[in-house]
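Take a look at the structure:
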C-alpha cells in the first residue's frame, strides 16, 4: 500500500493548457505539502495544508491553486501552463507535532510535468 | 546567502570508506534537521533526523549537529555502491509553519 500517492506520474502538455495533479495519503497525517523540484534538483516548498486549511503559501504564481477536499487529499491545479512550469512536483505529508518542528515528511513518487 | 548550503559534489569515495556530507544553514532559529536520500528519478527518502546538538547514530549513518556553528553533517560508514545518490539536507522551524527548507543536495558516488 503506497503511503503517499500522486497521479499522474507523467504529464506532457502544451503551453496554455490547464492541468491537475492529485495527491492522496493513507497515513492519517494532518498536514500535506506540494514541492517543486527544478532541473537543478532544487526542492522548494510551494504550499502546505493542515486539516484542509492553507498554512504555507510561498511566492508561487496564482496560476497554481491547491485544493484540499479533506485532510487525506491535496490536489494542485495549474492554469495557463508555461514552459517554466516544467519540473517534478512532489506531494508530501506529515503528522503535526506540537513541539518544535519535529514533523517528518513523507514524499510521494512525484509527477514529472513537461510543458511543450 | 542561501538558506541551506551544500556542496553539490560529486563526492567520490571508494567502497568501504566513510563518506562525509556537510550542510550549513543561515537561520539561527532552526529547530529540526533532516537528511534525505534521493536516487535519480525517485522521491526523497528520509534517512536521519536530529534535533539536539551532538551525534545521532543509526546503523551505518551518523548525523552530527552543531547549532552554534549552524552546521549539520551526515557520515556514512562502510559506504556501499548502493549509497550512490543525492543527499538532501533539510531544515525546519515551527514558526515557519513546519515547512522544510532544502539544500541543493550533494551527489555521492561510491566506487566499487
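Protein chains in written order, with our numbering: chain A, 1 to 116; chain B, 117 to 228.
Note that the Cβ used here is the ideal one computed from N, Cα and C, for glycine as well.
All figures in this text were calculated on a predicted structure; none of them were measured in a lab.
Problem set entry | Pick from B/223, B/190 and B/150 that is closest to residue 197 of chain B, judged by C-alpha positions | B/223
Problem set entry | Cross-chain neighbours of residue 41 of chain A in chain B, by beta carbon under 7 Å | 202, 220 and 221
For this session: Mind checking which residues open and close the beta strand (DSSP E) that includes residue 46 of chain A?
Result: 43-50
Exercise. Who are the neighbours of residue 108 of chain A on chain B, taking C-beta pairs under 8 Å?
Worked result: 159
Problem set entry | Where residue 181 of chain B meets chain A, residues with beta-carbon distance less than 7 Å | Residues of chain A passing the Cβ test: none, with the nearest at roughly 13 Å.
For this session: Show which residues of chain A have a CB atom less than 8 Å away from the CB atom of residue 143 of chain B.
Result: None at all; the shortest Cβ gap to chain A is about 11 Å.
For this session: Could you tell me whether the Cβ of residue 56 of chain A comes closer than 7 Å to any Cβ of chain B?
Result: yes
Exercise. Mind checking residue 59 of chain A: buried by the 16 CB within 10 Å criterion, or exposed?
Worked result: exposed
Exercise. Using a C-beta cutoff of 7 Å, does residue 45 of chain A count as contacting chain B?
Worked result: yes
For this session: Measure the alpha-carbon distance for residue 19 of chain A versus residue 79 of chain A and round it to whole angstroms.
Result: 7 Å
For this session: Report the neighbours of residue 64 of chain A on chain B: residues whose CB is nearer than 7 Å to its CB, in chain order.
Result: The contacting residues do not exist; residue 64 of chain A stays about 16 Å from chain B at best.
Exercise. With a cut-off of 7 Å, does the C-beta of residue 214 of chain B fall near any C-beta of chain A?
Worked result: yes
Problem set entry | Cβ-Cβ separation, residue 130 of chain B to residue 227 of chain B (assumed contact under 8 Å), whole Å | 5 Å
For this session: Give the DSSP bridge partners of residue 171 of chain B, in chain order.
Result: B/180
Problem set entry | Sequence ranges, beta strand (DSSP E) only - wholly within the region 45-115 of chain A, length at least 3 | 53-57, 64-70, 73-78, 87-94 and 111-115
Problem set entry | Min CB distance residue 127 of chain B to chain A below 7 Å | no
For this session: Taking the CB atoms as reference points, tell me whether residue 167 of chain B and residue 204 of chain B lie closer together than 7 Å.
Result: no
For this session: List the DSSP bridge partners of residue 11 of chain A.
Result: A/113
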